[in-house]
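Take the sequence shown: its position 362, counting from 1, is numbered 372 in the working numbering, and each next residue is one higher.
Where a beta carbon is used, it is the ideal one built from N, C-alpha and C, also for glycine.
Predicted, not measured: the structure shown is a model, and the values here were computed from it.
Okay, so here's the structure we're looking at.
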Amino acid sequence: MYINEAKDNVNNYVEVKGWVYNMRESGKVIFILVRDGSGIMQSVVSKNDVDEKVFEDAKKLTQESSIVVRGIVREDKRAPFGYELLVKELEMLQLTENYPITPKEHGVGFLMEHRHLWLRSKRQWAILRIRHRIEKSLRDFFDSRGFTLIDAPILTPAACEGTTTLFETNYFDEKAYLSQSGQLYMEAAAMAFGKVYCFGPTFRAEKSKTRRHLMEFWMLEPEVAFLTFEENLKLQEEMIYYVVQEVLKNCKIELDIIERDTKMLEKVVPPFPRIHYRDAIELLNKKGVNIKYGDDFGGDEETVLANEFEKPVFVHHFPKEIKAFYMQPDPEDPGTVFAADLLAPEGYGEIIGGSERIHDYDLLLQRMKENNLPIENYQWYLDLRRYGSVPHSGFGIGLERTLAWIAKLPHVRETIPFPRLLEKIYP
Ligand code: 4AD
Ligand code: MG
Numbered sequence: 011m012y013i014n015e016a017k018d019n020v021n022n023y024v025e026v027k028g029w030v031y032n033m034r035e036s037g038k039v040i041f042i043l044v045r046d047g048s049g050i051m052q053s054v055v056s057k058n059d060v061d062e063k064v065f066e067d068a069k070k071l072t073q074e075s076s077i078v079v080r081g082i083v084r085e086d087k088r089a090p091f092g093y094e095l096l097v098k099e100l101e102m103l104q105l106t107e108n109y110p111i112t113p114k115e116h117g118v119g120f121l122m123e124h125r126h127l128w129l130r131s132k133r134q135w136a137i138l139r140i141r142h143r144i145e146k147s148l149r150d151f152f153d154s155r156g157f158t159l160i161d162a163p164i165l166t167p168a169a170c171e172g173t174t175t176l177f178e179t180n181y182f183d184e185k186a187y188l189s190q191s192g193q194l195y196m197e198a199a200a201m202a203f204g205k206v207y208c209f210g211p212t213f214r215a216e217k218s219k220t221r222r223h224l225m226e227f228w229m230l231e232p233e234v235a236f237l238t239f240e241e242n243l244k245l246q247e248e249m250i251y252y253v254v255q256e257v258l259k260n261c262k263i264e265l266d267i268i269e270r271d272t273k274m275l276e277k278v279v280p281p282f283p284r285i286h287y288r289d290a291i292e293l294l295n296k297k298g299v300n301i302k303y304g305d306d307f308g309g310d311e312e313t314v315l316a317n318e319f320e321k322p323v324f325v326h327h328f329p330k331e332i333k334a335f336y337m338q339p340d341p342e343d344p345g346t347v348f349a350a351d352l353l354a355p356e357g358y359g360e361i362i363g364g365s366e367r368i369h370d371y372d373l374l375l376q377r378m379k380e381n382n383l384p385i386e387n388y389q390w391y392l393d394l395r396r397y398g399s400v401p402h403s404g405f406g407i408g409l410e411r412t413l414a415w416i417a418k419l420p421h422v423r424e425t426i427p428f429p430r431l432l433e434k435i436y437p
């Protein structure tokens, strides 16, 4: 049996294979918290109920020893997770000595050095289970709406999101870069499949040591032919709503473990508020932030803005100078682009960046030249504007930042199994 199947096994004699999470002894009874990856279950070894050898073995157990226990499942409201195992038999596979992570508090640096073991802790388990649920519900959302999953390459010849954060590598005699975004490839795919998305790792050599920057993070990027800027925002609202609902429905135990107050998540219902970049600057100034029209937002500005709203908020119509070369200018206000960032509430800031893309050949070429891009590397991308060009839009949602918000974590380092942080690549 897996521990999460306990409710269907009440009064059955079962076998559980796992690890000792914690234990305590109280006279003639030893309580072992056993974890097996699916959950944690209290296993009770009573001196009066078992062979002497089993009781003596149980006494010797240590944190993270690997074991097999057999016994009867009982419902017990007082036990963590509601069920316990009355142990009859116990096998020790390995008796662990000196497990480095003990129930006492450890510093973050120490835990990060032991990330391979830290993953076993209840909190990390809960967080990464929520991550899985977010990934699954994102995929389900697009799959059920007729999107085709198209995998984007990781090794790329050119930049998508500016040249300052590229990880460079050798590609035989050429230079190549780890992908910053699959978007340009999704634009090609959208002209072939209509509605597409990719979901993979992306890489940015960000010289930023903040609570929201990773060097390697996962991004889901939908791209849709004929989708307008307005429809793009709707798609994002529906997606976020769906994901939050799925987490609330399926991750009760996990949210409980990390003590997430879910009231704020229940409020995440479309439509989401929208604020024009110009008004966002004004609002920030009113809040005492020193920023002027034309400046980009940093994490601090986003936090101040996000705190003004209970739901996620779209900031839209940024000046074109601070945004990517491929974004479509608004014909009614050509200094600004049809782009929007979605800022998550509770101070989290940007989790989505999206836009309508330029579909006119001449305009795109002009914007690429203004951005000093090596045009020869982008001929294939320009082809998309030479042959049957249509208006299209898309966005990218960062998985780790979305999880950090939904789980209300202080830092993205806990949102990915093995985080790549500034100049840190161990383990
Ligand atoms: O806003 P960004 O740079 O947008 C793009 O890459 C577009 N090409 C996406 C598209 O339209 N297809 O990044 C999108 C999201 C951000 O909103 C953020 O959630 C996440 O990716 N992100 C990061 N997450 C963690 N660490 C980093 N260093 C990140 N940089 C971006
Ligand atoms: Mg962005």
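- Less than 9 Å divides the Cβ of Met-225 from the Cβ of Arg-214.
- With contacts defined by Cβ atoms closer than 9 Å, Ser-403 and Gly-363 do not form a contacting pair.
- As for any alpha helix (DSSP H) of minimum length 4 sitting wholly inside the segment 48-80, the runs are 62-70, ordered along the chain.
- Per DSSP, reduced to three states, the secondary structure at Tyr-23 is strand.
- Under the DSSP definition of a beta bridge, Arg-34 partners with Phe-41.
- Annotation: the continuous alpha helix (DSSP H) that includes Tyr-391 extends over 389-396.
- The beta-carbon separation of Phe-41 and Val-54, rounded to 6 Å, stays under the 8 Å limit for a contact.
- Gly-408 has Met-229 as its beta-bridge partners, per DSSP.
- Every residue whose beta carbon comes nearer than 6 Å to a heavy atom of the ligand MG appears here in chain order: Asp-351, Glu-360 and Gly-363.
- The segment 64-74 and the segment 98-108 touch, with no fewer than 3 CB-CB distances between them shorter than 8 Å.
- Per DSSP, the unbroken alpha helix (DSSP H) holding Arg-377 starts and ends at 371-380.
- Between the beta-carbon of Thr-238 and that of Glu-342 there is about 14 Å, and that puts the pair past the 8 Å contact cut.
- In the DSSP assignment, Trp-29 forms a beta bridge with Arg-45 and Ser-76.
- When the Cα atoms are used, Ala-200 and Gly-406 turn out to be separated by approximately 15 Å.
- The Cβ neighbour count for Val-234, taken over all protein chains shown within 10 Å, is at least 16; the residue is labelled buried.
- Burial state of Leu-194 is buried, judged by a 10 Å Cβ sphere holding 16 or more other Cβ atoms.
- Just measuring C-alpha positions, the residue of Glu-35, Gly-81, Glu-85 and Gly-117 sitting nearest Tyr-23 is Gly-81.
- Secondary structure of Gly-92 (DSSP, three-state): helix.
- Per DSSP, Ile-164 lies in no beta strand (DSSP E) and is assigned neither H nor E.
- For the pair of segments examined, the segment 169-187 was found not to touch the segment 135-150: the number of CB pairs separated by less than 8 Å stays below three.
- Contact check for Pro-113 and Asn-19: beta-carbon distance about 28 Å, past the 8 Å limit, so the pair fails to qualify.
- Judged by their CB atoms, Ile-332 and Gly-304 are nearer to each other than the 9 Å cut-off.
- Residue state for Phe-203 is assigned as helix, using DSSP reduced to three classes.
- For Ala-198, the three-state secondary structure derived from DSSP is helix.
- The residue from Met-378, Gln-134, Leu-394 and Asp-153 with its alpha-carbon nearest to that of Asp-266 is Gln-134.
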